[in-house]
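Residue numbering for the sequence shown follows our numbering, beginning at 18 and increasing consecutively.
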Amino acid sequence: PDMVTGDIVFVLQVKEHPRFKRKGDDLFVEHTLSLTEALCGFQFVLTHLDNRQLLIKSQPGEVIKP
């Protein structure tokens, strides 16, 4: 009340991360698989930026894209 409204401007700088890479709105991480893992299935735990533990897995015969 009795004040002029205005905008707030935030200037953010993205800091490089040793494991995660950002492309636009997407977040990428590299993980090396052996040929056996790629063909027969695999699972590993990925620690996300907020320290959540994510189980990443594939079933035998599932196509894995590089």
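Just so it is clear, CB atoms sit at the ideal spot from N, CA and C, and this is done for glycine as well. Keep in mind the model is a prediction, meaning the values are calculated, not measured.
Does the stretch 55-62 come close enough to the stretch 32-47 to have 3 or more Cβ pairs within less than 8 Å?
Too few Cβ pairs lie closer than 8 Å, so no.
Start-to-end residues for the alpha helix (DSSP H) that takes in LEU52:
For LEU52, the uninterrupted alpha helix (DSSP H) segment begins and ends at 52-57.
With H, G and I counted as helix, E and B as strand and the rest as coil, what does DSSP make of ILE73?
Three-state DSSP puts ILE73 in a strand.
Is LEU63 near LEU71, with beta carbons less than 8 Å apart?
Their beta carbons are under 8 Å apart, which means LEU63 touches LEU71 by this criterion.
Pull up the distance between the alpha-carbon of ILE81 and that of ASP67, whole angstroms please.
The alpha-carbon of ILE81 is positioned some 26 Å away from that of ASP67.
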